[in-house]
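Number of protein chains: 2
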Amino acid sequence: MVSIVSVAKVAGVSNKTVSRVINGEPYVTEETRERVERAIRDLGYVPNMAARQIRSSRSNTFGIIADYVSTTPYSVDIVRGIQDWANANGKTILMANTGGASEQEIKIWKMFQSHGIDGVLYVTMYHRIIDPETGDVGIPTVMINCRPKTSELLPSIEPDDYQGARDLTRYLLERGHRKIGYIRLNPILLGAELRLDAFRKTTGDFGLAASDLSIRLGMEGPVGAEKNYVFAAATEMLQQRDRPTAIMSGNDEMAIQIYIAAMALGLRIPEDVSIVGFDDFRTVSLALRPELTTAALPYYDLGLQGAELLNSVVAGSDVCPSSRVMSCNLVERLSVCSL
Amino acid sequence: MVSIVSVAKVAGVSNKTVSRVINGEPYVTEETRERVERAIRDLGYVPNMAARQIRSSRSNTFGIIADYVSTTPYSVDIVRGIQDWANANGKTILMANTGGASEQEIKIWKMFQSHGIDGVLYVTMYHRIIDPETGDVGIPTVMINCRPKTSELLPSIEPDDYQGARDLTRYLLERGHRKIGYIRLNPILLGAELRLDAFRKTTGDFGLAASDLSIRLGMEGPVGAEKNYVFAAATEMLQQRDRPTAIMSGNDEMAIQIYIAAMALGLRIPEDVSIVGFDDFRTVSLALRPELTTAALPYYDLGLQGAELLNSVVAGSDVCPSSRVMSCNLVERLSVCSL
DNA sequence: GAAAAATATGTCGACGTTGTCATGCGTCTG
DNA sequence: CAGACGCATGACAACGTCGACATATTTTTC
Chain A
1 MVSIVSVAKV
11 AGVSNKTVSR
21 VINGEPYVTE
31 ETRERVERAI
41 RDLGYVPNMA
51 ARQIRSSRSN
61 TFGIIADYVS
71 TTPYSVDIVR
81 GIQDWANANG
91 KTILMANTGG
101 ASEQEIKIWK
111 MFQSHGIDGV
121 LYVTMYHRII
131 DPETGDVGIP
141 TVMINCRPKT
151 SELLPSIEPD
161 DYQGARDLTR
171 YLLERGHRKI
181 GYIRLNPILL
191 GAELRLDAFR
201 KTTGDFGLAA
211 SDLSIRLGME
221 GPVGAEKNYV
231 FAAATEMLQQ
241 RDRPTAIMSG
251 NDEMAIQIYI
261 AAMALGLRIP
271 EDVSIVGFDD
281 FRTVSLALRP
291 ELTTAALPYY
301 DLGLQGAELL
311 NSVVAGSDVC
321 PSSRVMSCNL
331 VERLSVCSL
Chain B
1 MVSIVSVAKV
11 AGVSNKTVSR
21 VINGEPYVTE
31 ETRERVERAI
41 RDLGYVPNMA
51 ARQIRSSRSN
61 TFGIIADYVS
71 TTPYSVDIVR
81 GIQDWANANG
91 KTILMANTGG
101 ASEQEIKIWK
111 MFQSHGIDGV
121 LYVTMYHRII
131 DPETGDVGIP
141 TVMINCRPKT
151 SELLPSIEPD
161 DYQGARDLTR
171 YLLERGHRKI
181 GYIRLNPILL
191 GAELRLDAFR
201 KTTGDFGLAA
211 SDLSIRLGME
221 GPVGAEKNYV
231 FAAATEMLQQ
241 RDRPTAIMSG
251 NDEMAIQIYI
261 AAMALGLRIP
271 EDVSIVGFDD
281 FRTVSLALRP
291 ELTTAALPYY
301 DLGLQGAELL
311 NSVVAGSDVC
321 PSSRVMSCNL
331 VERLSVCSL
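Chains as they are written, first to last, in UniProt numbering: chain A, 1 to 339; chain B, 1 to 339.
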């Protein structure tokens, strides 16, 4: 193992001087600095993080604890955002998934503690309210895509589902749609309620009556084993005499079934029925024909901002532990037409 | 910080005895062991990995270096497999993404070295042949979902695209299909060639002529910015007088467009045209109606086995650095009918 | 019942790094 | 020119853990 000591020997200086060079401390002659740097290059020296950590009790490592995020296709962009931030700021990321099991969660907190993690990003796959088993370990924590249930608040960052659904609804209304169908997300998800509320409120404000709305449940049951009514619901909705001219889908994935249901009934998209999604899950939204108009969940930014926020918490700046919210931008594609 | 020393003080023994208890070494009375364990619990002691590593020069940590895997929806199951193995075997996972940039890659290898990583899993999003910039760091490495180009071989684990496509083709042939269309994956991907070869070979063996086959390119161009011809290709294919009774899609995602193309032409699936995918990317294969018959990429097992294999390499057992291959199981759903 | 073996516990140092303090040298101030 | 100051460097200890070795106690063996 090539250590600071071997570098010092080769450069003909003390180890402390090498340490100074490595850490960019002042009070080193240009000449010694160069000698040391050459020795570092020649020997291929790399600092030993474990030793640093033991000395400084700072690991420069953040932990991600997730339910399924990194192992599920949907919210990977959160992780990407975090990693990009970490990369740009010289931090390392240690990742663990609970798979939803709370005994796992406790084990993971212990593991984080063991590794002297500086801070934890608590990430969930679906936007929801939870009660993190922080294991009372006292590591600074920021929640991403979820919000703590209990009063002992942790700072959190969430997508603005309400605003996203409101913008989407307005978009349809502005294009002349007055009969609108809505196929609901699984009600366990926080987004489901927020999106539906926004839909109801916005159509109401615009003067639509309850009879102009056609609302159906698309999915229900435990995440990962839900019952799927989307195709049936869409088919039924589109067979009504007075069928909606536009359908809002709880998310993009569900929109696949709505497309297929519409086409099976011989309806053209968007001429006969307009469809909008939610999430901008691009594997779907860009694969559908016509491409899907939808509201983009700000996953990447959630990750980036979350890491940034955690960093300031760790650095000790007094972040008030409130919930920060990021907007969902409307992505206009070709699945909606004006009437 | 509660260390071994504080535990020793409380338990009234030497630190070495505490160390012995922690590591389950023999030669400790039942009585002392209990006293120590109680002290550990009372103080909430957790071993300090950094210190351990510095002492033993083993970190019990594996690194994942990926192009985009963990930040892309497709192959997250590889990561899940690795993490499950790590969890079950008390290893920790450090994860980094190159985003495809090779200067990133070098940086990441340095970082791994800095952290004293025991072994590295080199994972790619798409099955392909690459030349890893291992940074000549000499950390044991196993490649997952890819194969090294150069002669200095590293052990690798890959999916058996050929077998998967062969089984899928046979499945169609056995059900009486004699006119079969094929929409090709992006040819940069190793899977594209293997799958197409299998399709050609298997139909040929079965006695189909080239004229019975209708092969079109679905996508091309750099990953992430490819040109997409799928919808057009499928539409054109299905408008032929002598249209195929079944279409094999390069992957599940492309099948979305094939479904829509077929339906737009008023064709029913599977009565008028059968469709099979590849990958079993469940967000798609289970969302399509009828659900998609496909071959499942063994991603989870790739991860699990890869971690296992890396572990034996690290432990020093002489693993011959050859390529191991895992089969793609056919998943029968409802998108194919017998003629 | 003495020597040998097995069991139980302790002391000490080293891993690689950096913070604290000390030292040496040159330059400035009055 | 004495003292103060700024700069450049080094000596040393300490972080938490565990391996090597030493010591103390008990058990086995003939």
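Cβ atoms here follow ideal geometry from the backbone N, Cα and C, with glycine treated the same way. A quick note: this is a predicted structure, and the numbers were derived from the prediction, not measured.
Terminal residues of the continuous alpha helix (DSSP H) containing R80(B)? Here residue 80(B) refers to the residue found at position 80 when the second sequence is read from its first residue. For R80(B), the enclosing alpha helix (DSSP H) starts and ends at V76 to A88.
So, is M254(A) buried or exposed, given that buried needs 16 or more other C-beta atoms within 10 angstroms? One-based indexing of the first sequence puts residue 254(A) at position 254. The residue is buried, with at least 16 neighbouring Cβ atoms inside 10 Å.
Which listed residue (F278(A), I180(A), N145(A) and Y171(A)) has its alpha carbon closest to that of residue 349(A): Examination of residue 349(A) is not possible in this model, given that chain A is present from 1 through 339 alone.
Alpha carbon to alpha carbon, how far is A261(A) from Q257(B)? Give it in angstroms, no decimals. What you label residue 257(B) is simply residue 257 of the second sequence in a count that begins at 1. What you label residue 261(A) is simply residue 261 of the first sequence in a count that begins at 1. Whole-angstrom Cα-Cα distance: 15 angstroms.
Ignoring anything shorter than 4 residues or poking outside the region 181 to 234 of chain B, list the alpha helix (DSSP H) runs there in chain order. Segments of the alpha helix (DSSP H) lying fully in the region 181 to 234 of chain B: 190 to 205.
Opposite M326(A) in the DSSP bridges: which residues? Start at 1 with the first residue of the first sequence, and residue 326(A) comes out as number 326. Beta-bridge pairing links M326(A) to P159(A).
Starting from S285(B), follow the alpha helix (DSSP H) in both directions and report where the run begins and ends. Position 285 of the second sequence holds residue 285(B). That run of the alpha helix (DSSP H) goes R282 to S285.
Pairs of beta-carbons, one from the region 161 to 168 of chain A and one from the region 324 to 331 of chain A, closer than 8 angstroms: are there three or more? They touch, by the three-pair rule.
I think S214(B) touches G181(B), with their Cβ atoms under 8 angstroms apart; what is that distance to the nearest whole Å? Mapped onto the second sequence, residue 214(B) falls at position 214. Mapped onto the second sequence, residue 181(B) falls at position 181. Between G181(B) and S214(B) the Cβ distance is about 4 angstroms, and since that is below 8 angstroms, they are a contact.
Distance between Y45(A) and V21(A) (C-alpha atoms, nearest Å): The residue you call residue 21(A) lines up with position 21 of the first sequence. The residue you call residue 45(A) lines up with position 45 of the first sequence. If I take the Cα positions, the gap works out to 13 angstroms.
C-alpha distance - D252(B) paired with A287(A), whole-angstrom precision: Sequence index remark: in the second sequence, residue 252(B) carries index 252 (1-based). Sequence index remark: in the first sequence, residue 287(A) carries index 287 (1-based). D252(B) and A287(A) have their C-alpha atoms some 11 angstroms from each other.
Between the CA atoms of V273(B) and A101(A) - distance to the nearest angstrom: Position 101 of the first sequence, counting from 1, holds the residue named residue 101(A). Position 273 of the second sequence, counting from 1, holds the residue named residue 273(B). Going from the Cα of A101(A) to the Cα of V273(B) covers about 43 angstroms.
Quick one: what does DSSP say Y259(B) is sitting in, helix, strand or coil? On the second sequence, position 259 is the one that residue 259(B) refers to. DSSP places Y259(B) in helix when its eight states are reduced to three.
In this structure, does DSSP put S19(A) in helix, strand or coil? On the first sequence, residue 19(A) is found 19 positions in, with the first residue counted as 1. It is helical.
Excluding sequence positions up to five away, which residues of its chain have a Cβ less than 8 angstroms from the Cβ of E291(A)? For the purposes of this step, residue 291(A) is identified with residue 291 of the first sequence, where counting begins at 1. Hits under 8 angstroms: S285, R333, L334 and S335.
Which term fits M1(B), buried or exposed, when burial requires 16 or more other beta carbons within 10 angstroms of its beta carbon? Counting from one through the second sequence, the residue named residue 1(B) turns up at place 1. That one is exposed.
Can you confirm whether the region 306 to 313 of chain A touches the region 84 to 94 of chain A when touching is taken to mean that 3 or more C-beta pairs between the two stretches lie within less than 8 angstroms? Enough Cβ pairs lie closer than 8 angstroms, so yes.
Would you kindly work out how many angstroms separate the C-alpha atoms of L238(A) and Q104(B), rounded to a whole number? By one-based count along the first sequence, residue 238(A) stands at place 238. By one-based count along the second sequence, residue 104(B) stands at place 104. So the alpha carbons of these two residues sit roughly 51 angstroms apart.
Out of curiosity, what's the CA-to-CA distance linking P222(B) and I157(A)? In the second sequence, the residue the question calls residue 222(B) occupies position 222. In the first sequence, the residue the question calls residue 157(A) occupies position 157. Straight-line Cα distance between these residues: approximately 34 angstroms.
Own chain partners of K227(A) with C-beta closer than 6 angstroms, once the 5 adjacent residues on each side are dropped: Locating residue 227(A) in the first sequence gives position 227, where the first residue counts as 1. So the list reads E220 and G221, once near-sequence residues are dropped.
Can you tell me which of the three DSSP states G277(B) falls into? Numbered from 1 along the second sequence, position 277 holds the residue referred to as residue 277(B). Coil at G277(B), not helix or strand.
Paired residues, beta bridge with R128(B) - DSSP: As a working mapping, residue 128(B) is identified with position 128 in the second sequence. Answer by DSSP bridge pairing, in chain order: C146(B).
Just to confirm my understanding: we take G99(A), look at its own chain, exclude 5 residues before and 5 after, and list those with CB closer than 6 angstroms. What are they? As a working note, residue 99(A) is residue 99 in the first sequence. So the list is empty, once near-sequence residues are dropped.
Please name the residue or residues paired with G119(A) in a DSSP beta bridge. The count along the first sequence starts at 1 and reaches residue 119(A) at position 119. According to DSSP, G119(A) bridges with F62(A).
Taking S114(A) as the query, report the chain B residues whose CB atoms sit under 8 angstroms from its CB, ordered along the chain. Within the first sequence, the letter at position 114 stands for residue 114(A). Near S114(A) (Cβ distances below 8 angstroms), the residues of chain B are V46, P47, N48 and M49.
Quick one: what's got a C-beta closer than 8 angstroms to L172(A)'s C-beta in the same chain, skipping five residues either side? By 1-based counting over the first sequence, the position of residue 172(A) is 172. Cβ-Cβ distances below 8 angstroms link L172(A) to I180, A246, M248, S274, V276 and V336 in the same chain, with the five nearest sequence neighbours on each side left out; the list follows chain order.
Would you mind stating whether A66(B) and N23(B) have Cβ atoms separated by less than 8 angstroms? Taking the first residue of the second sequence as 1, we reach residue 66(B) at position 66. Taking the first residue of the second sequence as 1, we reach residue 23(B) at position 23. At least 8 angstroms separates the beta-carbon of A66(B) from that of N23(B).
Per-residue contacts from D65(B) into chain A (C-beta, under 9 angstroms): Along the second sequence, one-based indexing puts residue 65(B) at 65. Here the sequence assigns Ile to residue 65(B), which means Asp is not the residue at that position. Chain A residues near I65(B): none, gap ~12 angstroms exceeds 9 angstroms.
Any Cβ of chain B within less than 8 angstroms of the Cβ of S57(A)? Counting from one through the first sequence, the residue named residue 57(A) turns up at place 57. S57(A) counts as touching chain B.
Name, please, each residue of chain B whose Cβ falls closer than 8 angstroms to the Cβ of M1(A). Position 1 of the first sequence holds residue 1(A). Near M1(A) (Cβ distances below 8 angstroms), the residues of chain B are S57.
From T235(A) to L265(A), what distance separates their C-alpha atoms? Working through the first sequence from its first residue, we reach residue 235(A) at position 235. Working through the first sequence from its first residue, we reach residue 265(A) at position 265. Distance from the CA atom of T235(A) to the CA atom of L265(A), rounded to whole angstroms, is 8 angstroms.
Cβ-based neighbour list, V314(A), same chain, cut-off 6 angstroms, excluding 5 preceding and 5 following: Within the first sequence, numbered from 1, the residue matching residue 314(A) stands at position 314. Spatial neighbours of V314(A) in its own chain (CB-CB distance under 6 angstroms, excluding positions within 5 residues in sequence) are listed in chain order as D118, G119 and P140.
Proximity winner among I78(B), L43(B) and L94(B), relative to I64(B) (alpha-carbon distances): Numbered from its first residue, the second sequence carries residue 64(B) at position 64. When only C-alpha atoms are compared, the closest one is L94(B).
Simplified DSSP assignment, three categories, for A96(B): The residue labelled residue 96(B) in the question sits at position 96 within the second sequence. Looking at A96(B) - three-state DSSP - the assignment turns out to be strand.
So, helix, strand or coil for A50(B), using DSSP? Here residue 50(B) corresponds to residue number 50 of the second sequence, with the count starting at 1. A50(B) falls in the helix class under three-state DSSP.
Judging by CA-CA distance, which residue of R216(A), L185(A), T124(A) and V331(A) is the nearest neighbour of V302(A)? What you label residue 302(A) is simply residue 302 of the first sequence in a count that begins at 1. First, the residue type needs correcting, since residue 302(A) is Leu and not Val in the sequence shown. Here the closest residue by C-alpha is T124(A).
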